[in-house]
Amino acid sequence: MLQYILKRFAQLVPVILGIILLTFILMYIVPGDPVLSMVGERYDEETLELLREQFHLNDPLWKQFGHYLWGLAHGDLGVSFVSQKPVTDMILERFPATMLLAVGAMVVSILLGISVGIISSIKPHSWIDRTSMGFALIGVSAPVFWVGLLLVIGARYVGWPYLTGYGCLPYLILPAITLGTRSAAFLARVTRANMLEVLSQDYVRTAKAKGLSNFIVVTKHALKNTLIPVITIIGVDFGSYLSGAVLTESIFNWPGIGRLALTAILKRDFPVIQGAVLVTALVFVTANFVVDILYGVIDPRIRVQKESNAR
Amino acid sequence: MRGSITQETLRQLRKNKTALFGLFLVALLVFTGVFAPFVAPHNPYKADLDISLQPPSTQYWLGTDEEGRDVLSRIIYGARISLKVGIIASSISLMIGALLGLIAGFFRGWIETIIMRFTDVMFGFPALLFMIGITAAVPRPSIEVAMLAIGLVSWPGMARIMRSQVLTVVDREYVIAARSLGYSKLRIIFRHVLPNSLAPVVVAFTMSIAGAVMAEASLSFIGLGAQPPEPSWGSMIAFGRVHLRGEWWISVFPGIAIALMVIGFNLFGEGLRDALDPTMRSKTK
Chain A
1192 MLQYILKRFA
1202 QLVPVILGII
1212 LLTFILMYIV
1222 PGDPVLSMVG
1232 ERYDEETLEL
1242 LREQFHLNDP
1252 LWKQFGHYLW
1262 GLAHGDLGVS
1272 FVSQKPVTDM
1282 ILERFPATML
1292 LAVGAMVVSI
1302 LLGISVGIIS
1312 SIKPHSWIDR
1322 TSMGFALIGV
1332 SAPVFWVGLL
1342 LVIGARYVGW
1352 PYLTGYGCLP
1362 YLILPAITLG
1372 TRSAAFLARV
1382 TRANMLEVLS
1392 QDYVRTAKAK
1402 GLSNFIVVTK
1412 HALKNTLIPV
1422 ITIIGVDFGS
1432 YLSGAVLTES
1442 IFNWPGIGRL
1452 ALTAILKRDF
1462 PVIQGAVLVT
1472 ALVFVTANFV
1482 VDILYGVIDP
1492 RIRVQKESNA
1502 R
Chain B
234 MRGSITQETL
244 RQLRKNKTAL
254 FGLFLVALLV
264 FTGVFAPFVA
274 PHNPYKADLD
284 ISLQPPSTQY
294 WLGTDEEGRD
304 VLSRIIYGAR
314 ISLKVGIIAS
324 SISLMIGALL
334 GLIAGFFRGW
344 IETIIMRFTD
354 VMFGFPALLF
364 MIGITAAVPR
374 PSIEVAMLAI
384 GLVSWPGMAR
394 IMRSQVLTVV
404 DREYVIAARS
414 LGYSKLRIIF
424 RHVLPNSLAP
434 VVVAFTMSIA
444 GAVMAEASLS
454 FIGLGAQPPE
464 PSWGSMIAFG
474 RVHLRGEWWI
484 SVFPGIAIAL
494 MVIGFNLFGE
504 GLRDALDPTM
514 RSKTK
């Protein structure tokens, strides 16, 4: 097991280094002088030069990258061009909000997705199954921001007061449903498909033949074996929530990393963009890493298979 | 041989009602997009403030927007933008992904390691943020830039699929035979490996159109895709945002159009996958 974890970790390191390098290069090749966007319309050459010196923009590329890496190792992501605040602080400030949103979305997708999937699989091709799978198809195909706007329309209609804002839990409900809908729909489809496969297995037939009730068979025998692939999806989705949060956060004025990144991009505030993209990408690959490890813990077959596949 | 595969695929597709429904949706949207000038009841660009914010009626089926433009006509013209972006962006990612996957799977060794690690890195990036970053980096956002950004970001899945397919194909008898006959590598790649590796990539391509349509809508929603007065579905939803209190139709109907197009390409793609290879049967069915 330890060997498996180490091997996966060894694969993770170059990916993370690659992500750091790529975010750095991307910001470097962006056209336009970042210093110009910082000072705005009125400027004199002297201030520009001073600022360039301050942000090490006159150094050769490799030196800048070294400087960037050195900062990263010390948890320093640079200083915002716009607000002049340290990027690390700005991101740490917003991180809890995004995490809260992601956890909320995960709860929505697990509760809704798995239960709908199970209900659908118990009576396949019944009208319940067809309706819920129809909704699941729409949920997978509808744009996140549109779902969010529909929710706002609906919430206004019924007079729900917590539309956009942050601070108390009710404000979380609409954004969490918005962000969680897509993966709930996807999860429902996968849960159903896996349940159907498991329900046709011999051990389920044996359990039924023993005279166990349908409820026990579904919850104790089938569900456990269905959950393995479902857990992977939950984990991978969790990583992608951080990226998907850009749209959801901007609709609901949620003060998270997504909205921070979006405003930074529109203001061409490069250190902030760099930091937000880097943090989001790191969380994403780490989530995938954790899922892989969990997967190996839950199902020894995977571990053995992956070990023999690894080159 | 190839003819029989195509025939078998078509036969399988015809039996699959869900896939046919997807194909029907795609065909319908392509038709309305191509023949938009004949299908649309009104001029999608013509503003008329006298009839602004009209609710759906017999004259304006889906209502009018703030500037008095017919929502239905704009949705019909918007199909053109979505299809154009979907197909071109997916073609870009197909070319990049298929080429890299082909090289990695055929040559193996350090080339493969570098390409696949690079793919892993790209996979790790938050896709939408990456696309937003590219479109924001250029001085003026446009639909062409959005198209390019979507294509440049979406290829890693394609590369992975292509590589794993190539890996199984290079060990087949006909490739070994071609090698032992002393054919050049280029000939083996383009005559034997590539044609026999294409099936799963075609499926991925169909589905990536759905993804690209969604991505374009997201970018246009933020204002980094199609620019006004272009009737992109994403920007129509964005402009309707301020009217959510009363005039819901401006935002709601373009969203339905997006969902229909995405459903169409996804269902058709899933059907194609099942038809091309029964062992790859979709798990989400």
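Protein chains in written order, with this note's numbering: chain A, 1192 to 1502; chain B, 234 to 518. Quick reminder that beta carbons are idealized off the backbone N, C-alpha and C, glycines included. Quick caveat, the model's predicted, so the values are computed rather than measured.
Short CB-CB distance (under 7 Å) between Trp1337/A and chain B: So, interface residue.
Using the beta-carbon count (16 or more within 10 Å), is Ala410/B buried or exposed? Ala410/B should be labelled exposed.
Which residues in the same chain as Met513/B place their Cβ atom closer than 6 Å to its Cβ, once the five residues preceding and following it in sequence are excluded? Note that Met513/B has pLDDT 49, beneath the 50 cutoff, so the model's placement of it is unreliable and the number below is only indicative. Correct list, in chain order: Arg506.
Residue-chain proximity (Gly357/B, chain A), Cβ-Cβ < 7 Å: yes
What does Phe1475/A reach in chain B if we use C-beta pairs closer than 7 Å? Gly357, Pro359
Residues in the stretch 1284-1315 of chain A with C-beta within 9 Å of chain B's C-beta atoms, listed in sequence order? none
To the nearest angstrom, report how far apart Ile321/B and Ala1400/A are at their CA atoms. 56 Å
Please confirm if the stretch 1431-1440 of chain A is in contact with the stretch 1367-1377 of chain A, defined as three or more CB-CB distances below 8 Å between the two stretches. yes
Thr291/B (DSSP reduced to helix, strand or coil): coil
Which of the three DSSP states is assigned to Val475/B in this structure? helix
Within 7 Å, strictly: CB atoms of Met364/B and Ala392/B: no
Less than 8 Å between the CB atoms is what I'm expecting for Asp281/B and Gly311/B, so what's the real figure, rounded? Actually they do not touch by this definition, with Cβ atoms about 19 Å apart.
With a threshold of 6 Å on Cβ separation, who are the neighbours of Pro389/B within its own chain once the five nearest residues in sequence on each side are excluded? Counting only Cβ-Cβ distances below 6 Å, and skipping sequence neighbours, we find Thr352, Met355, Phe356.
Asp303/B - DSSP class collapsed to helix/strand/coil: Strand.
Ranges of the alpha helix (DSSP H) found wholly within the stretch 1405-1481 of chain A, counting only runs of at least 4: Complete alpha helix (DSSP H) runs here, min 4: 1414-1443, 1448-1457.
Under 7 Å between C-beta atoms of Leu332/B and Phe438/B: no
Under 8 Å: do the stretch 489-504 of chain B and the stretch 442-452 of chain B share three or more Cβ pairs, one atom per stretch? yes
Would you mind telling me which residues of chain B sit closer than 7 Å to Ala1472/A, beta carbon to beta carbon, in chain order? Gly357, Phe358, Pro359
What would DSSP say about Thr1355/A, mapped onto helix, strand or coil? coil
In three-state terms, what does DSSP make of Ile365/B? Looking at Ile365/B - three-state DSSP - the assignment turns out to be helix.
In its own chain, which residues sit with a C-beta less than 6 Å from the C-beta of Leu1303/A, not counting the 5 before and 5 after it? Contacts found: Ala1375.
Evaluate Tyr1259/A with the Cβ neighbour count: other Cβ atoms within 10 Å of its Cβ, from every protein chain shown; 16 or more gives buried, anything less gives exposed. buried
Between the stretch 1347-1363 of chain A and chain B, which residues of the former have a C-beta closer than 9 Å to a C-beta of the latter? Arg1347
So what's Ala1501/A in DSSP terms, helix, strand or just coil? Low per-residue confidence applies at Ala1501/A: pLDDT is 45, beneath 50, and the placement is therefore not dependable enough to give any value.
Considering only C-alpha positions, which residue in the set Gly1209/A, Ser1271/A, Leu1203/A is nearest to Lys1458/A? Ser1271/A
Could you check which residue in Gly1466/A, Phe1475/A, Gly1487/A has the C-alpha nearest to that of Lys1276/A? Gly1466/A
Are the C-beta atoms of Leu1252/A and some chain B residue less than 7 Å apart? no
Can you give me the start and stop residues for the alpha helix (DSSP H) that Gly255/B sits inside? 250-267
For chain A, is any of its Cβ atoms less than 7 Å away from the one on Val495/B? yes
Quick one: grab the DSSP three-state call for Val434/B. helix
Compile a chain-ordered list of the residues in the stretch 427-451 of chain B whose CB is closer than 7 Å to at least one CB of chain A. Met447, Ala450, Ser451
Chain A contact for Leu295/B (CB, 7 Å cutoff): no
Any heavy atom of the ligand SAM closer than 6 Å to the Cβ of Lys1458/A? Ligands are entirely absent from the displayed structure, and the ligand SAM is therefore not among its contents.
Kindly say whether Leu519/B, judged by its beta-carbon, lies nearer than 7 Å to any beta-carbon of chain A. Any answer about residue 519/B is impossible in this case: the structure gives chain B only from 234 up to 518.
Could you tell me which residues DSSP puts in a beta bridge with Val354/B? Bridge partners of Val354/B: none, in fact.
So the alpha helix (DSSP H) Glu1244/A belongs to, where does it begin and stop? 1236-1245
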